[in-house]
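Chemist: The structure under discussion is supplied below as structure tokens; questions concerning it will follow.
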Amino acid sequence: MSKLLHFIGYNTLSTILSVSVAHAKTILIMGDSISAAYGMNPEQGWVKLLQIRLDQKYPKQHHVVNASMSGETTSGALARLPKFLKTHQPDIVVIELGGNDGLRGQP
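So, in structure tokens, the structure goes:
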């Protein structure tokens, strides 16, 4: 899972978060079962690993909100996104979607 974390953009997020900030940056994750850690211990999923790595490198400089749902599609996430944007006012949004659209034959 560690190598996957590098693949999905940990280095990019690290660069963005390395800038000193007056307040903690909020990162919103909108994803499907991969981000929701479906079928595994949530503590071993990539979102939790991201939180741990960021805590180690940038203590108290970020907050990760996982709004992922197993089975989520792009249209489903789009419908839920405004609520999460309003509630959490994220600085960064990570979207990990598309697999379920493909499985269902949705464009």
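If you count the sequence shown from 1, position 78 lands on 78 in the UniProt record's numbering, and the numbers rise without skipping. Beta carbons: idealized from backbone N, C-alpha and C, even for Gly.
Counting pairs of beta carbons, one from the stretch 45-61 and one from the stretch 69-89, are three or more of them closer than 8 Å?
Modeler: At 8 Å Cβ cutoff, the stretches do not touch.
Chemist: Using 8 Å as the threshold, is the C-beta distance between Val64 and Gln51 below it?
Modeler: Reading the sequence shown from its first residue, position 64 is the one you call residue 64. Reading the sequence shown from its first residue, position 51 is the one you call residue 51. Against a cut-off of 8 Å, the Cβ pair of Gln51 and Val64 comes out as a contact.
Chemist: At what residues does the alpha helix (DSSP H) containing Gly31 begin and finish?
Modeler: Position 31 of the sequence shown, counting from 1, holds the residue named residue 31. Premise fails: Gly31 lies in the beta strand (DSSP E), Lys25 to Gly31, not in any alpha helix (DSSP H).
Chemist: Could you pull out every residue in the same chain whose Cβ sits closer than 7 Å to the Cβ of Tyr38, ignoring the five residues on either side in sequence?
Modeler: Translated into positions along the sequence shown, residue 38 becomes position 38. Taken in chain order, the residues that qualify are Ser70.
Chemist: Using the rule of at least 16 other Cβ atoms within 10 Å of the residue's Cβ for burial, across every protein chain shown, is Ser75 buried or exposed?
Modeler: Here residue 75 is taken as the residue at index 75 of the sequence shown, counted from 1. Exposed, because fewer than 16 other Cβ atoms sit within 10 Å of the Cβ of Ser75.
Chemist: Do Leu28 and Asn67 come within 8 Å of each other at the CB atom, strictly closer than that value?
Modeler: Residue 67 sits at position 67 when you count from the first residue of the sequence shown. Residue 28 sits at position 28 when you count from the first residue of the sequence shown. The sequence given here places Ala at residue 67; Asn does not occur at that position. Contact: yes.
Chemist: Would you mind stating whether Met30 and Leu97 have Cβ atoms separated by less than 8 Å?
Modeler: Within the sequence shown, the letter at position 30 stands for residue 30. Within the sequence shown, the letter at position 97 stands for residue 97. Cβ distance < 8 Å, so Met30 and Leu97 count as in contact.
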